[in-house]
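Sequences listed follow chains Z and E, in order. The first sequence begins at 8 in my numbering and counts up one residue at a time. The second sequence begins at 1217 in my numbering and counts up one residue at a time. Using N, Cα and C, we set each Cβ at its ideal position, and we do this for glycine too.
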Amino acid sequence: MSNENAQIIEKPSAHPLWKEFAFSMKRLFKNPLTIIGASIILFFLILAIFAPLLAPPPRPFDPYLMPHKGWDMTPSPPSADNWLGTLPSQYDILYGIIWGTRNAFRIGLAVVAANLIVGLILGALAGYFGGIVDEIIMRIADIFYAIPTLVMAMALVVAIGRGLTSIVLVLIILGWPTYTRVIRSDILVIRNMDYIMAARASGVSHLRIIMRHIMPNSVFSIIIVASMNVGVTILVAAALSFLGLGSDTGYADWGAMVSTCRDFIVGPPENRLAYWYLVFIPGFTIALFVLGWNLLGDAIRDVFDPRMRRR
Amino acid sequence: MSDTLLDIRDLYKYYPVTGGVFRKHVADVKAVDGVNLQIKRGECVGLVGESGCGKTTLGKTILRLHESTSGRIYFDQNPDKIEEVERLLAAPETAGQAKAALAEMDITKMDGTRLRALRRQMQIVFQDPSNSLDPRMLIRDIIAEPLEAQNLVKGADVDKRVLELLDIVGMGTGHLKRYPHEFSGGQRQRIAIARALATNPKFVVMDEPTSALDVSVQAQILNLLKKLQRDFQLTYLFVTHHLLVVKYTSDRIVVMYLGKVVENGPTKQIFEKPLHPYTKALLSAIPVPDPTTKREKIILTGDVPNPVNPPKGCRFHPRCSYAQEICRTQEPALDPTGMDGHTVACHRWKEI
């Protein structure tokens, strides 16, 4: 038995958690898609953080209101004054994109964080305890699944009253079943592992088993789902805004910006593409944002999914 | 202090089978079906049987990792008191009086607080150490977990005790801040053993502790387990399907078939003179490392019957070459054979 142990030579090293993290990061950045995804998100993050510098708000107490010069309903194309052109009523598109980024992060992260917390708690209860608790939680989740999300979201937003806050609230209400399902299915697998049995045989309490064994082993798939869902959330919020359920004209929200341009998607007969910048710029921004989160989510899965990891 | 450490009476563990839209209860898988078993202090009892005969379930039910369907499990109790409770239970009119005593003495009916305190005394080592060690925990935290859960050691003493335990199982220092995947199978099993010993238990269920290991490592682990048993006066229930492992480690062998104990006796007697036809068949299947020996092999025909619907009478009769009419209709009881502590459940053990 001594030679078996001789293989392990003790060397002074960093904390193993840090070693694991460094290993994960190394794996993460081997994938070119990660770099693309991370760069996109980083780009948006910089936009969001430095928004006050990049586009100084004329009224600092209300920066999300886009400044505009005059009420001319005809949008103007990109120019020296308005680099990306203006919306109808002369709202500056560049300003809208920059402050809209901040807005997108606010919406996406708030919704996903709230969903994550609710999903973790409900999923842990359903998965770990099973039985009647499981039945009740999962049947309610099934009811949510049975109704098309967008239709349900529209109905709820109309009921609460239109506006961005309502959209966020409704997405929080509707989003939890996916998270609960994912976390529950993971816990169902982990619950029967021998190390859970061993912990129970030592008299470890349920709460401690959930916090110390089950969560660390099941939290990664939910993080993957969450990172992908930041983009999806923005997409749904934009769709609702486009349908006119979002904020008022002039608010720096990508969906609302596309919405104000509804009448200008197709230009006059002599030049159908005259207003291309109106829909294209906010639309492309939304697409890029969603793509960034999806790529990042994919990459995170490749690295953190325990099934794809080395043993 | 009595001689018997663990006393199992009429233990049943049925898994319900549900069917239909409303999950109606349609049948039971009878994993453990009326087991009586006494384990003495310091003894190593080998529990053998085919896959699916309920041996692992029995081991886990003793530790209440599975809830039993019915039956009593007494651990480290006064035998007079056990007899008194059993007497009260036997008569329907006095059975109610036994309730309070059972809540104190019977593992299957204890409340959380009592059970938690008892868990210090009973531990388990699982078959596959790559499943029984949390992949996201450091070795130090894995071994310290029972100590912390039981509030046995605090602060800096935890590290000291963990190192001591690692030393006991023959691992060097310097492993504290490592993850399980950095170790070989044998080392992982040593870590699992260290964890089981952390609270200084009296009784350890060994659930096929060597089945997932290389043969060379198996021997090391078996020797370690034997040494630990001597050093710490441990009592083992050694669950395995490997008869030679049992022969090497155990003082007594219990043979299970379809949820029932069919033979129970000292290792030497079982190997020299097995009485139950099933035990005979099991023993004849052990390979002999000598190609020139000619032995009579008893080949069992057919599969193990479905434990949802076991055969009537003796459960072994469809596969038994000695079966007679009585075997098909009457279930044999576990009878003493007159030899020292040897019992067998067969109608015809005297003749065959």
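For SER1286 of chain E, the enclosing beta strand (DSSP E) has its first and last residue at 1286-1291. Looking at the DSSP output, LEU72 of chain Z sits in a beta bridge with Z:TYR258. Under the 10 Å beta carbon count, VAL265 of chain Z is surrounded by 16 or more other beta carbons and is classified as buried.
Under DSSP, the beta-bridge partners assigned to HIS1241 of chain E are E:THR1234.
Annotation: ARG1468 of chain E is outside any alpha helix (DSSP H); the continuous beta strand (DSSP E) that includes it extends over 1468-1473.
The three-state secondary structure of ASP1556 of chain E, taken from DSSP, is coil.
Using a C-beta cut-off of 8 Å, the segment 216-234 of chain Z makes contact with the segment 1349-1365 of chain E, since at least three inter-stretch Cβ pairs fall below that distance. Going by DSSP, THR240 of chain Z is part of the alpha helix (DSSP H) stretching over 222-247. Only GLU1398, PHE1399, SER1400, GLY1402, GLN1403, ARG1406, ALA1408, ARG1411, ALA1412, ALA1414 and THR1415 from the segment 1398-1418 of chain E bring a Cβ to less than 9 Å from some Cβ of chain Z. Look at VAL243 of chain Z: its C-beta is not under 8 Å from any C-beta on chain E. Taking C-alpha positions only, ALA62 of chain Z is separated from HIS75 of chain Z by approximately 13 Å. For ASP1423 of chain E, the pairing in a beta bridge is given by DSSP as E:VAL1455.
In this structure, the straight-line span from the alpha carbon of ALA29 of chain Z to that of ALA58 of chain Z is close to 32 Å. The DSSP-derived three-state label of GLU1299 of chain E is helix.
Sixteen is the threshold: when 16 or more other Cβ atoms of the shown chains lie within 10 Å of the Cβ of ARG1411 of chain E, as they do, the residue is buried.
Between ALA1414 of chain E and HIS1241 of chain E, the alpha-carbon positions lie close to 41 Å from each other.
Secondary-structure assignment with DSSP links ILE1255 of chain E through a beta bridge to E:LEU1222. At a cut-off of 8 Å, the C-beta of ASP1344 of chain E has a neighbouring C-beta in chain Z. Contact between LEU252 of chain Z and ARG188 of chain Z is absent: CB atoms are separated by about 27 Å, not below the 8 Å threshold. Secondary structure at ALA1428 of chain E: coil, using DSSP grouped into helix, strand and coil. At a cut-off of 8 Å between beta carbons, ILE1289 of chain E makes no contact with chain Z. Sequence-distant partners of LEU176 of chain Z (beyond 5 residues in either direction) whose C-beta falls short of 7 Å from its own C-beta, in its chain, are ILE167. When secondary structure is reduced to three states using DSSP, CYS1269 of chain E falls in the coil class, being assigned neither helix nor strand. By a beta-carbon distance limit of 8 Å, LEU127 of chain Z does not contact ILE216 of chain Z. Their separation comes to about 15 Å. Spatial neighbours of ALA1360 of chain E in its own chain (CB-CB distance under 7 Å, excluding positions within 5 residues in sequence) are listed in chain order as VAL1374 and VAL1378. With respect to ILE288 of chain Z, LEU91 of chain Z sits close: the two C-beta atoms are nearer than 8 Å.
By the C-beta density criterion, TRP106 of chain Z is buried, having at least 16 other C-beta atoms within 10 angstroms.
Taking the beta carbon of MET200 of chain Z as reference, the chain E residues within 7 Å of it are ASN1347, listed in sequence order. Proximity to LEU195 of chain Z across Z:MET161, Z:ALA162 and Z:GLY138 peaks at Z:GLY138, based on C-alpha coordinates. Residue range 1338-1341 is occupied by the beta strand (DSSP E) that includes ILE1340 of chain E. Judged by pairs of C-beta atoms under 8 Å, the segment 1258-1267 of chain E does not touch the segment 1304-1316 of chain E, as fewer than three such pairs exist.
Residue pairing of VAL1477 of chain E in beta bridges, as defined by DSSP: E:MET1472.
Judged by DSSP in its simplified three-state form, VAL1248 of chain E adopts strand. Under the Cβ criterion of 8 Å, GLN1337 of chain E is not counted among the residues facing chain Z. Using a Cβ-Cβ distance cut-off of 8 Å, the segment 278-287 of chain Z and the segment 150-158 of chain Z are not in contact, since fewer than three pairs of beta carbons, one from each stretch, lie closer than that value. Taking 9 Å as the upper bound on Cβ-Cβ separation, chain E lies near residues MET200, ASP201, TYR202, ILE203, MET204, ALA205, ALA206, ARG207, ALA208, SER209, GLY210, VAL211, SER212, ARG215, ARG219, HIS220, PRO223 and ASN224 of the segment 199-225 of chain Z.
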